[in-house]
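Report on the structure given below.
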Amino acid sequence: MKLYRLHFECLSPFTTQVNSYTLFGAFCWGYRLLRGKSALKELLERFKSEPPFLISSPVFSAYDTLFYPCPQMIDKFSEPESEEKYKFQKEIKKIASIPKEALIEFLNGKINTKEELGNFLLEKGYIEKENEKSKEKWKIKSAKFNNFNRVRNSLNRLTLSTAGGGLINVTCYYYPKFVVYLLILDESFDVEIFKGIYNLVSLGGDKSIGYGRVKVSLIDEEKELVEFTKPISNHIYLLSPSFPDKSFDYENKDTLYQISIYCGFIENFYERLVKFIIKKRVFYLDAGSQLVVKVKKSFYGSLYPVAQNKEITIYQYGYAFPLYKRVVS
62 MKLYRLHFEC
72 LSPFTTQVNS
82 YTLFGAFCWG
92 YRLLRGKSAL
102 KELLERFKSE
112 PPFLISSPVF
122 SAYDTLFYPC
132 PQMIDKFSEP
142 ESEEKYKFQK
152 EIKKIASIPK
162 EALIEFLNGK
172 INTKEELGNF
182 LLEKGYIEKE
192 NEKSKEKWKI
202 KSAKFNNFNR
212 VRNSLNRLTL
222 STAGGGLINV
232 TCYYYPKFVV
242 YLLILDESFD
252 VEIFKGIYNL
262 VSLGGDKSIG
272 YGRVKVSLID
282 EEKELVEFTK
292 PISNHIYLLS
302 PSFPDKSFDY
312 ENKDTLYQIS
322 IYCGFIENFY
332 ERLVKFIIKK
342 RVFYLDAGSQ
352 LVVKVKKSFY
362 GSLYPVAQNK
372 EITIYQYGYA
382 FPLYKRVVS
């Protein structure tokens, strides 16, 4: 088992925020283009029972470090001594991403509440007090996809045509550089193929007008986090969205999670596979969730069929990318 980092450079915006399932879908298309339909079918059959690798959602490069999804934590704060302290606590509750330094402290069991996280970030200089005249008194260093609006013609998805004067605003996403983790469970799997595939295919929608283009500039091994990929406890932190798993103990007081429902469109840029346009809805436990597992396994989650006919089945990726957290009594 090895932990690698794929270093991505964005060459154009995305139509949606990139997640682990976006990356896996693009990988499957690239694998199919390079090695053929039968090779992809064989790979997906392996994934249903014993995945050879797990892929994370993006983590973002900023301030000379990497930023990860903020773990779901108990919003437990001491009584504020002043209005300034109260405003500080309000800002801490909004944190969406944390630097690598804070993530390691969390995984070592030294940070367990939002207040402890805020104090650590303040001590390390990731939270700075701004000028008193500023509307925002505290500046928290973080990183996430930037979003902006673009104008386009509205499209009738039944007739695949536009109507005159039907302009709409569409949200797009962009970030210059990000990192994606690969946990290789089968060490015979060719890691270099990821670089070739992601330099070939695009991510997300509107590929025909240049959206979703990326470049993988480097693949290297991750040294600092590799110890947390081993089952050192029954507490895990998710670095990717995950489908629910029977091993997750939802009744445990230490299980803290956020949920989301996803309904995506079926890819038709490389080939029209089925007549359906929209996939079935799926239910995810979001990245950043903390889960207690009843039984330790090499993987959690699954592939789920979201569209199928007699010739083909389309799967949605829903495997967890777990990092194990030390439990300090």
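For the sequence shown, this note's numbering assigns the number 62 to the initial residue and increments by one for each residue that follows.
Where a beta carbon is used, it is the ideal one built from N, C-alpha and C, also for glycine.
Computed from a predicted model, the values in this text were never measured in an experiment.
In angstroms with no decimal places, state the Cα-to-Cα distance between Val287 and Arg66. One alpha carbon belongs to Val287, the other to Arg66, and they sit about 11 Å apart.
Where does Ser269 land, buried or exposed, given buried means 16+ other C-beta within 10 angstroms? Its Cβ having fewer than 16 others within 10 Å, Ser269 is exposed.
Threshold first: 4 residues or longer. Then list the alpha helix (DSSP H) segments lying entirely within the segment 348 to 377, N to C. DSSP runs (the alpha helix (DSSP H)) wholly in the segment 348 to 377: none.
Just list the residues that DSSP pairs Ala123 with in beta bridges. The partner list for Ala123 (beta bridge, DSSP) reads Thr126.
Provide the residue(s) that pair with Cys89 in DSSP beta bridges, ordered along the chain. Here Cys89 is not bridged, per DSSP, to any residue.
Can you tell me whether Ser139 is helix, strand or coil according to DSSP? In the three-state DSSP reduction, Ser139 falls in the coil class, being neither helix nor strand.
Exposed or buried, what is Ser369 when buried is set at 16 or more other beta-carbons lying within 10 Å of its beta-carbon? Correcting the residue type first, residue 369 is Gln in the shown sequence and not Ser. Under this definition Gln369 is an exposed residue.
Please name the residue in Gly257, Leu243, Pro302 and Tyr236 whose C-alpha comes closest to that of Tyr323. Nearest of Gly257, Leu243, Pro302 and Tyr236 to Tyr323, Cα basis: Pro302.
The alpha helix (DSSP H) enclosing Glu253, as first and last residue numbers: In this chain, the alpha helix (DSSP H) harbouring Glu253 covers Glu253 to Tyr259.
Between which residues of its own chain and Gly170 is the CB-CB distance below 8 Å, once the five residues before and five after are set aside? Taking C-beta separations shorter than 8 Å and ignoring five residues to either side along the sequence, the partners of Gly170 in its chain run Lys386, Arg387, Val388 and Val389, following chain order.
Using the Cβ count rule (16 or more neighbours within 10 Å means buried), how would you classify Gly379? The residue in question, Gly379, is buried, as its Cβ has 16 or more Cβ neighbours within 10 Å.
State whether the segment 292 to 312 contacts the segment 98 to 105, with contact taken as three or more CB pairs (one from each stretch) at a distance under 8 Å. As far as the Cβ criterion goes, the segment 292 to 312 does not touch the segment 98 to 105, which means the pair count is below three.
Does the contact criterion of 3 or more C-beta pairs under 8 Å hold for the segment 108 to 116 versus the segment 242 to 249? By the Cβ criterion, the segment 108 to 116 is in contact with the segment 242 to 249, since at least three pairs of Cβ atoms, one from each stretch, lie closer than 8 Å.
In terms of DSSP beta bridges, what is Val212 paired with? In DSSP, Val212 forms a bridge with Asn230.
Please look up how many angstroms separate the CB atoms of Lys441 and Glu176, rounded, as I've assumed it's under 8 Å. Since the displayed the chain opens at 62 and closes at 390, residue 441 lies outside it and no answer follows.
Using only the alpha-carbon positions, how far apart do Leu384 and Thr290 sit? Using only the alpha carbons, I get a separation of about 5 Å.
Kindly indicate which residue of Pro160, Phe209 and Asn180 has the alpha-carbon position closest to the one of Phe128. Of the candidates Pro160, Phe209 and Asn180, the residue whose Cα lies closest to the Cα of Phe128 is Pro160.
Tell me whether Leu384 sits in a helix, a strand or coil according to DSSP, three-state version. Here Leu384 sits in strand by DSSP.
The segment 224 to 239 in contact with the segment 251 to 262 per 3-pair CB rule at 8 Å: No, because fewer than three Cβ pairs between the segment 224 to 239 and the segment 251 to 262 fall closer than 8 Å, the two stretches do not touch.
Where does Glu282 land, buried or exposed, given buried means 16+ other C-beta within 10 angstroms? Burial call: exposed.
Glu106 classed as buried or exposed, judged by whether at least 16 other C-beta atoms fall within 10 angstroms: With fewer than 16 Cβ atoms within 10 Å of its Cβ, Glu106 is classed as exposed.
Inter-residue spacing [alpha-carbon to alpha-carbon] between Asp251 and Pro141: It is roughly 54 Å from the alpha-carbon of Asp251 to the alpha-carbon of Pro141.
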